[in-house]
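Asker: Sharing a structure below in structure tokens format, with a few things to ask.
2 protein chains.
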Amino acid sequence: MSWRYEIRLAGSGGQGLILAGVILAEAAGIYDGRFVCQTQSYGPAARGGASQAEVVISDAAIDYPKAIRPDVLLALNQNSLDEYLGDLKADGLLVVDAGLVREIPDHHQVMAIGFTQMARDLGKAMAANIVALGALAVLTGAVTLPSLEAAVLARVPKGTEELNRKALEAGAAAARQLLLRAPAAELPQVEDADLA
Amino acid sequence: MSWRYEIRLAGSGGQGLILAGVILAEAAGIYDGRFVCQTQSYGPAARGGASQAEVVISDAAIDYPKAIRPDVLLALNQNSLDEYLGDLKADGLLVVDAGLVREIPDHHQVMAIGFTQMARDLGKAMAANIVALGALAVLTGAVTLPSLEAAVLARVPKGTEELNRKALEAGAAAARQLLLRAPAAELPQVEDADLA
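Chains A and B are the protein sequences, given in the same order.
Under the numbering used here, the first residue of the first sequence is numbered 174, with each subsequent residue one higher.
Under the numbering used here, the first residue of the second sequence is numbered 174, with each subsequent residue one higher.
Structure representation (structure tokens):
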């Protein structure tokens, strides 16, 4: 039985989620050596400035490349949360931007982190996508932080490496803080055994 | 009967084809208003530094998001040409980098353009991906040049807009030159009627 893990990253057009999807896919696929498929879809529905990327990670060749029932939804604004929550697995993890999502739904597992505010504190609100990736690595275990760092550094513009490294680490640290408060049994973390 | 057009962009890891795929998808999906799915896959096979992106463009919602039998293969090096030629439709268009692909196969329709050399002449060999996009717009008609320009300018690093605009136009100009020499009937261009 092969292991398959689906992550959807959603927000508005300027929040860098397509790049985040590419980085996450390269971290898991090229650096962690898993099978990965990364998809963006555009169409009439996407013309309102919404943006979403999907990453499917597996320990075996991937038959269907799109997310079917995501294990994780990262929502960086209210609209994308409202639009995509219905697809999330019932026991899936919802991760939202604490500053940009106001109405958190009554979902089983929700974690809110101030990605955008944290990125702003580092000097660049645009790095919220990288902060979020750092948090996702810790919260899901589906990608390793060293691989994520390598993928980030290979993709971000020259001269922003240090900022992005800090953004990644800040997101990971915030997620670790949250985990210390969350009962471990509730986390949909990938088991090491599944990843072997 | 809906219209579906599949483009595969392939080369080595540093040639910017993932970014080219994202730009092409955004041009067709967000700016031209078509249904688009854009995919990258990574896995053990992709660890040798190969890189490929697929863009599926349609006038209707896309059921299967990956390229099945590409209508166009852009190959920026010999390895990716050798690896992916077998998938290309028999009457599909093969577009290669004239400087980096040495052995051009006996395929029905092949166009070779010096993308990398042209980008180098503009001052940045890394812009070969954008030169190639300009050529693909003219050769396939699957995306419009103004949409491509808008998508390029939204994605490339600040300060490189003018270079990338020139790269796009250079690719389009080179393709137009080639078309003047090619019998029109042989081109797998999308008909206006199909796009209506």
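All C-beta atoms in this analysis are idealised placements derived from N, C-alpha and C, irrespective of residue type, glycine included.
1. Based on the DSSP secondary-structure assignment, which residues constitute the bridge partners of T212 (chain A)?
2. Using the beta-carbon of each residue, which ones in chain A are nearer than 7 Å to F288 (chain B)?
3. Assuming E179 (chain B) is part of the beta strand (DSSP E), what are its boundary residues?
4. Taking A198 (chain B) as the query, report the chain A residues whose CB atoms sit under 7 Å from its CB, ordered along the chain.
5. If you count every other CB in all the chains shown that lies within 10 Å of the CB of Q213 (chain B), and 16 or more means buried, which is it?
6. Going by other Cβ atoms of all chains shown within 10 Å of its Cβ, with 16 needed for buried, is Q350 (chain A) buried or exposed?
7. Of the residues A:L321, A:A343, A:A348, A:S175, which one's Cα is nearest the Cα of A193 (chain A)?
8. Helix, strand or coil: which one does DSSP assign to I303 (chain B)?
9. Determine whether the beta carbon atoms of L247 (chain B) and L309 (chain B) lie at a separation below 8 Å.
10. Can you find a C-beta in chain A that's less than 8 Å from the C-beta of K339 (chain B)?
11. Rounded to the nearest angstrom, what separates A305 (chain A) and A233 (chain B) at their Cα positions?
12. Run the CB neighbour count on R220 (chain A), radius 10 Å, all protein chains shown included, and call it buried at 16 or more, exposed below.
13. Can you look up I203 (chain B) in the DSSP assignment and give me helix, strand or coil?
14. Taking 8 Å as the cut-off, decide whether the C-beta atoms of L133 (chain A) and I303 (chain A) are in contact.
15. Check for me: the beta strand (DSSP E) holding Q282 (chain A) runs from which residue to which?
16. Mind listing the chain A neighbours of I277 (chain B)? Cutoff is C-beta to C-beta under 9 Å, in chain order.
17. I'd like to know if the region 272-281 of chain A and the region 327-344 of chain A are in contact, where contact means that at least 3 CB-CB pairs between them fall below 8 Å.
18. Here's a check: name, in chain order, each residue in its chain whose Cβ is nearer than 7 Å to the Cβ of R207 (chain B), leaving out the five neighbours to either side.
19. Going along chain B in order, which residues have a C-beta closer than 8 Å to the C-beta of A323 (chain A)?
20. Measuring only between beta-carbons, confirm whether G307 (chain A) sits less than 8 Å from chain B.
21. Report the option in B:G186, B:A347, B:L197, B:A327 whose CA atom is closest to the CA atom of S253 (chain B).
22. Does the distance from the C-beta atom of A327 (chain A) to that of Q188 (chain A) stay below 8 Å?
23. By Cβ distance, which residues of its chain are closer than 8 Å to T317 (chain B), with the 5 residues on each side in sequence left out?
Answerer: In short:
1. A:E227, B:T212
2. Those do not exist, as F288 (chain B) stays about 21 Å from chain A at its closest Cβ, beyond 7 Å.
3. 177-185
4. Q213, Y215
5. buried
6. exposed
7. A:L321
8. helix
9. yes
10. no
11. 33 Å
12. In this predicted model, R220 (chain A) has a pLDDT of only 49, less than 50, meaning its place in the structure is not dependable; the value taken from the coordinates is given anyway. Under this definition R220 (chain A) is an exposed residue.
13. helix
14. It is not possible to answer for residue 133 (chain A), since the shown part of chain A is limited to 174 through 369.
15. 282-286
16. Here the premise fails: no neighbours, minimum Cβ distance about 29 Å.
17. no
18. A201, I230, S231, D232
19. Those do not exist, as A323 (chain A) stays about 13 Å from chain B at its closest Cβ, beyond 8 Å.
20. no
21. B:G186
22. no
23. A200, Y204, D205, A310
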